[in-house]
Ligand SMILES: Nc1ncnc2c1ncn2[C@@H]1O[C@H](COP(=O)(O)OP(=O)(O)OP(=O)(O)O)[C@@H](O)[C@H]1O
Ligand SMILES: [Mg+2]
């Protein structure tokens, strides 16, 4: 990062600092200070780092993204936002990185369930946050995480107590409303033993260049069950970094559905640490068009025996877009009977589109069942011909097959309203014309 | 209806069909038999317009028009139907949608309006019953997870609904159990009409017991080496293909 940018970010930080939440907790102040040092020292990640070799974020440095010091819901076009809202969900809305009580709907939450602005939690009872904060990911992971630790203004603290099952999903809506805005949020999700919940993270913003940098730390305790969704619909000019770091205790289940649709450059990290007999199921779909760059990094650490991991990521890349998938599975020495499958499939719709896929298996145990497969290619010509032989013209046949390829991931969604939202996003964003829901 | 004259076809540099002559009149049933790799599926594919084949010599005329000039979907809309030897699975596209899209494409081609939703459903259900299939297959993705026999039956379901003029069936009988063979054959027989012709590729006499061909041709090494009536199939069953192949070599 060049010094001009560094100086500007430092100057901004001094302005922001007095207003940051959690100032009264020395542990957090210390963490923030060391994170800020790391960020200032290293700048944004560079392609010289192995985990960033396909993703050049230097474009971010062309702008100075700053957080607002006057958070307000007034800047939100409510009608537009409603298009992304899901009925039958509790909603927790963050505008430009700050919780908006006005736009949120949290009535009727069962007793004992904590759904709170992280800033408020830190200012009123920081001790309940401390056992989790920076425990699923460290600032050494890379400098976006450090950046987030230093700069985050607010976020969500969600805790579902023991044996409690949430009857409705919680939708977490991240909204960015201004050009050159920086939205940095931190989310902590804790499911105590045997708890169950569904959380839907949605990212949207105005059609401008802005930066959203979100870190989500997730703790799925023994035998608890979390389904987390991420629907990333940032503006086509936006930069997005989102990291989800999951710690699963024994017998815990974690299912993730990751839809990467928006952003000029979007990077998503998903890490799962698996304890004994826990299960994770990672699903992803990225749709790239024009000059979009969509990067998904997953890491699954099998730390203990008998855990199961499943992963299926699909990409459809058109125009001059580029998709990156890096999937790492690490099986520790004592993680015997690990059962792991990873798959990444990419469809290239134009000669200028590109997919970089890098599955990595590191296995230190000897009694395991691990497989991985990747494909990058065009449509299966046999299928195109089959449809043509059934009277479908070639262009429509190709569209049908492409849509069907992507729709496999949409079809896994069991929440009707979410399914429809995602399907409509796919239809809207699809590079081809004339795609029809009727085909399904 | 279909006239194939001296048809030579290559894949890359490799000649596969080497001078096929075949004349099919409306209402006729032609069986094509022959050893593995002799070019039977290649002929079916070339007739339905699959890419990757080069016609190096000869002509194919269908209803007076040059078939080789038409895109595969145009051939299909003109009434050429291929029941595949290996039907393709199309995950994510529903069987009933494809049937409707195909039927409407044909109707549009004929200058007719789209089929009425209720009429369509009645027609489909009628044919599903004819082929003794479970209605659930309609709402599944095309061929996805179907057993070998179910796929073949689904091909004939499509054929029954689209009512083509030229039905090309590539080893529809392979993979069908005895009961299914009987049901499918009855389905095919119910489609017989003075305007509709059939080309049936098969290795087995048992299909021809149910659907009696007017002509039987033996394809070997890319050529029709012998043609005859229904009795030729019986003779072949008895004597094997080497009998005709040797005869040709001797000639
Ligand atoms: N795309 C291709 N590339 C190379 N060779 C091909 C191709 N398609 C067909 N062939 C060859 O052409 C020959 C004829 O194949 P075809 O599938 O038409 O045989 P067939 O008579 O249908 O056999 P079967 O009874 O086993 O179905 C075979 O030798 C086959 O290997
Ligand atoms: Mg064949």
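Protein chains in written order, with our numbering: chain Z, 82 to 521; chain C, 39 to 289.
C-beta atoms are modelled at their ideal positions from N, C-alpha and C, and glycine is treated no differently.
For residue i, I'd like the list of residues in its chain whose CB is within less than 8 Å of its CB, leaving aside the five on either flank, ordered along the chain.
i, result
"residue 506 of chain Z", "312, 314, 340, 342"
"residue 331 of chain Z", "303, 304, 356, 357, 358, 359, 385"
"residue 227 of chain C", "248, 249"
Give every residue of the same chain whose Cβ lies closer than 6 Å to the Cβ of residue i, excluding the five residues on either side of it in the sequence, and list them in chain order.
i, result
"residue 94 of chain Z", "none"
"residue 285 of chain Z", "165, 256, 314"
"residue 168 of chain C", "225"
"residue 381 of chain Z", "353, 390, 410"
"residue 156 of chain Z", "258"
"residue 61 of chain C", "41"
"residue 123 of chain Z", "224"
"residue 207 of chain C", "121, 238"
"residue 279 of chain C", "73"
"residue 123 of chain C", "79, 208, 209"
I'd like to confirm something about residue i: is its beta-carbon nearer than 6 Å to some heavy atom of ligand 2, or not?
i, result
"residue 261 of chain C", "no"
"residue 212 of chain C", "no"
"residue 249 of chain Z", "no"
"residue 506 of chain Z", "no"
"residue 123 of chain C", "yes"
Measuring only from the beta carbon, is residue i closer than 6 Å to any heavy atom that is part of ligand 1?
i, result
"residue 77 of chain C", "yes"
"residue 49 of chain C", "yes"
"residue 80 of chain C", "yes"
"residue 54 of chain C", "yes"
"residue 290 of chain C", "Within the shown structure, residues of chain C are numbered from 39 to 289, placing residue 290 of chain C beyond reach of any answer."
"residue 142 of chain C", "no"
"residue 74 of chain C", "yes"
Below 7 Å between beta carbons: does that hold for residue i and residue j?
i, j, result
"residue 245 of chain Z", "residue 170 of chain Z", "no"
"residue 464 of chain Z", "residue 86 of chain C", "no"
"residue 428 of chain Z", "residue 486 of chain Z", "yes"
"residue 275 of chain Z", "residue 364 of chain Z", "no"
"residue 328 of chain Z", "residue 217 of chain Z", "yes"
"residue 211 of chain C", "residue 245 of chain C", "yes"
"residue 278 of chain Z", "residue 247 of chain Z", "yes"
"residue 128 of chain C", "residue 239 of chain C", "no"
"residue 126 of chain Z", "residue 204 of chain Z", "no"
"residue 440 of chain Z", "residue 457 of chain Z", "no"
"residue 262 of chain C", "residue 255 of chain C", "yes"
"residue 378 of chain Z", "residue 407 of chain Z", "yes"
"residue 42 of chain C", "residue 67 of chain C", "no"
"residue 396 of chain Z", "residue 347 of chain Z", "no"
"residue 120 of chain Z", "residue 231 of chain Z", "yes"
"residue 243 of chain C", "residue 271 of chain C", "yes"
"residue 152 of chain Z", "residue 263 of chain Z", "no"
"residue 98 of chain C", "residue 106 of chain C", "yes"
Which residues in the same chain have their Cβ closer than 7 Å to the Cβ of residue i, if we skip the five residues on either side of it in sequence?
i, result
"residue 131 of chain C", "179, 180"
"residue 445 of chain Z", "412, 413, 414"
"residue 172 of chain Z", "166, 185, 186, 252, 254"
"residue 98 of chain Z", "none"
"residue 54 of chain C", "47, 48, 77, 80, 260"
"residue 104 of chain Z", "110"
"residue 137 of chain C", "162, 196, 199"
"residue 493 of chain Z", "338, 364"
"residue 235 of chain Z", "102, 175, 178, 179, 180, 198, 199, 200, 266"
> What are the residues of the region 196 to 229 of chain C that lie near chain Z, defined by any Cβ-Cβ distance shorter than 9 Å?
Replying inline: So the list reads 196, 200, given in the order they occur along the chain.
>> So if I threshold CB-CB distances at 9 Å, which residues from the region 115 to 143 of chain C count as touching chain Z?
In response: In summary, the residues of the region 115 to 143 of chain C whose CB is separated from some CB of chain Z by less than 9 Å are 115, 118, 119, 120, 122, 124, 125, 126, 127, 128, 129, 130, 131, 132, 135, 136, 137, 138, 139, 140, 141, 142, 143, in the order they occur in the chain.
> What residues in the region 480 to 505 of chain Z have a beta carbon less than 9 Å from any beta carbon of chain C?
Replying inline: Those would be 481, 482, 484, 485, 486, 487, 488, 489, 492, in chain order.
> Listed from N- to C-terminal order along the chain, which residues in the region 71 to 94 of chain C have their beta-carbon within a distance smaller than 9 Å of any beta-carbon of chain Z?
Replying inline: Within the region 71 to 94 of chain C, the residues whose Cβ lies closer than 9 Å to any Cβ of chain Z are, in chain order, 83, 86, 87, 88, 89, 90.
>> Beta carbons nearer than 8 Å to chain Z: which residues of the region 101 to 112 of chain C have them?
In response: Residues of the region 101 to 112 of chain C with a C-beta less than 8 Å from any C-beta of chain Z: 109, 110, 111, listed in chain order.
> Using a Cβ cut-off of 8 Å, which residues of the region 462 to 473 of chain Z contact any Cβ in chain C, in chain order?
Replying inline: Listed by position along the chain: 462, 463, 464, 466, 467, 468, 469, 470, 471, 472, 473.
> Of all the beta strand (DSSP E) runs that stay within the bounds of the region 317 to 365 of chain Z, which reach a length of 3 or more residues?
Replying inline: Segments of the beta strand (DSSP E) lying fully in the region 317 to 365 of chain Z: 320 to 329, 334 to 341, 346 to 355.
> Hey, which unbroken runs of the beta strand (DSSP E) at 3 residues or more fall wholly within the region 170 to 216 of chain Z?
Replying inline: If we require 3 residues or more, the beta strand (DSSP E) runs fully inside the region 170 to 216 of chain Z come out as 171 to 176, 179 to 186, 195 to 198.
> Could you give the uninterrupted runs of the beta strand (DSSP E) lying entirely in the region 118 to 143 of chain Z, keeping only those of 3 residues or more?
Replying inline: List check, beta strand (DSSP E) in window: nothing returned.
> Closer than 7 Å, Cβ to any Cβ of chain C: which residues of the region 196 to 229 of chain Z, in chain order?
Replying inline: Answer set for the region 196 to 229 of chain Z: empty.
>> To be precise: take each residue of the region 176 to 197 of chain Z, compare its Cβ to all Cβ atoms of chain C, and keep it if any distance is under 8 Å. Which residues remain?
In response: Answer set for the region 176 to 197 of chain Z: empty.
> In chain order, which beta strand (DSSP E) runs of at least 3 residues are fully inside the region 450 to 475 of chain Z?
Replying inline: List check, beta strand (DSSP E) in window: 450 to 458.
> Which ranges would you report for the beta strand (DSSP E) in the region 100 to 141 of chain C if only whole runs of at least 3 residues count?
Replying inline: Correct list: 118 to 121, 128 to 132.
>> Output needed in chain order: residues of the region 422 to 439 of chain Z with a Cβ under 9 Å from some Cβ in chain C.
In response: Using a CB distance below 9 Å, no part of the region 422 to 439 of chain Z faces chain C.
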